[in-house]
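Some notes on the structure that comes next.
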Amino acid sequence: MISAVLDNATLAAAEVGPTLSESQIESALLGLLISGGMLIPGNIPNIIAAHRLQIKSTEWARIGVPLGFVLMALTAVLLMSGLL
Numbered sequence: 002m003i004s005a006v007l008d009n010a011t012l013a014a015a016e017v018g019p020t021l022s023e024s025q026i027e028s029a030l031l032g033l034l035i036s037g038g039m040l041i042p043g044n045i046p047n048i049i050a051a052h053r054l055q056i057k058s059t060e061w062a063r064i065g066v067p068l069g070f071v072l073m074a075l076t077a078v079l080l081m082s083g084l085l
């Protein structure tokens with residue numbers, strides 16, 4: 002149950018609705034895409050890559066979380082400025 006709640010597809014389905022504008026949907030999807038890369042369980046390719054490369058969650062998070070925050074901030078600035 003917890004993985005279903007935390008899954009990006011579930012979050013996207015819950016967030017996207019007919020009342021949202023196209024830019025709001027785009028912003029939500031970009032946020033989900035970036036945040037999904039921050040930790041191993043964020044998306045299926047992360048799980049596969051971490052398993053094949055034998056990367057532990059702490060190693061992944063040590064790089065993924067700071068990088069994800071920087072990308073989130075940069076994306077927010079680009080979205081607010083209308084460049085994205």
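Residue numbers (the numbering used here): 2 to 85. The C-beta atom is built at its ideal place from N, Cα and C for all residues, glycine as well.
{"query": "Option in Met39, Val78 and Phe70 with minimal Cα separation from threonine 59", "result": "Met39"}
{"query": "Beta-carbon contacts of glutamate 16 that lie in its chain and below 6 Å, excluding the five residues immediately before and after", "result": "Ala29"}
{"query": "Residue burial classification, serine 36 (beta-carbon count within 10 angstroms, cutoff 16)", "result": "buried"}
{"query": "Exposed unless 16 or more other CB atoms sit within 10 angstroms - verdict on isoleucine 48", "result": "exposed"}
{"query": "Residue from Gly18, Ile41 and Glu23 with nearest C-alpha to leucine 55", "result": "With the sequence shown as reference, residue 55 is identified as glutamine, and leucine is not the correct amino acid for it. Nearest C-alpha to glutamine 55: Ile41."}
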